[in-house]
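K.L.:
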Amino acid sequence: MAHHALASQESYNPNHLLDILLGKMQLKNDAALSRLLEVAPPVISKIRHHRLPVGASLLIRMHEVTGMSIRDLRDLMGDRRTKYRLSDAQGRPKPEDRPAADKASAGNAAHH
1 MAHHALASQE SYNPNHLLDI LLGKMQLKND AALSRLLEVA PPVISKIRHH RLPVGASLLI
61 RMHEVTGMSI RDLRDLMGDR RTKYRLSDAQ GRPKPEDRPA ADKASAGNAA HH
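Numbering (UniProt numbering), first residue to last: 1 to 112.
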């Protein structure tokens, strides 16, 4: 069974977060929670079984429906990270995403 990196943190327990949300929103089960969060039921199951992390978009959705802060939501699941590391490649434009002017000037230089 594949586990994500956050699952290796001893304090990480997404079930606690999901259980708190069930109680706070007065829902009967994970299926009702998945409907409220507008995700497919298997997403909640995979999170419960540590096969899928609680991603940023889901955290934002939880914030929207509960009014709880992202920090509080992360604390409830035991995510104590204070910094996030991004790879050098993230955020860098791909070569084919260069502005059109750069492409045009490169093309004109080839014709002269």
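For glycine and all other residues, C-beta sits at the position ideal for the given N, C-alpha and C. All values derive from a computational prediction rather than experimental measurement.
(1) Please work out which residues of its chain come closer than 7 Å, Cβ to Cβ, to Ala2, disregarding the five sequence neighbours upstream and downstream, and give them in chain order.
(2) Tell me whether Glu38 sits in a helix, a strand or coil according to DSSP, three-state version.
(3) Tell me which residue opens and which closes the alpha helix (DSSP H) that Gly78 is part of.
(4) Going by DSSP, what residue range makes up the alpha helix (DSSP H) through Pro14?
(5) Note the first and the last residue of the continuous alpha helix (DSSP H) segment covering Val65.
(6) Please classify Ser45: does DSSP put it in a helix, a strand, or coil?
(7) Using a Cβ-Cβ cut-off of 6 Å (strictly less than) and excluding sequence neighbours within five positions of Lys46, which residues of its own chain qualify?
P.N.:
Considering the structure as presented:
(1) Here Ala2 scores only 47 on pLDDT, less than 50, and its place in the model is too uncertain to base an answer on.
(2) coil
(3) Careful: Gly78 lies outside any alpha helix (DSSP H) and carries neither H nor E.
(4) 14-24
(5) 56-66
(6) helix
(7) Answer for Lys46: Leu52, listed in chain order.
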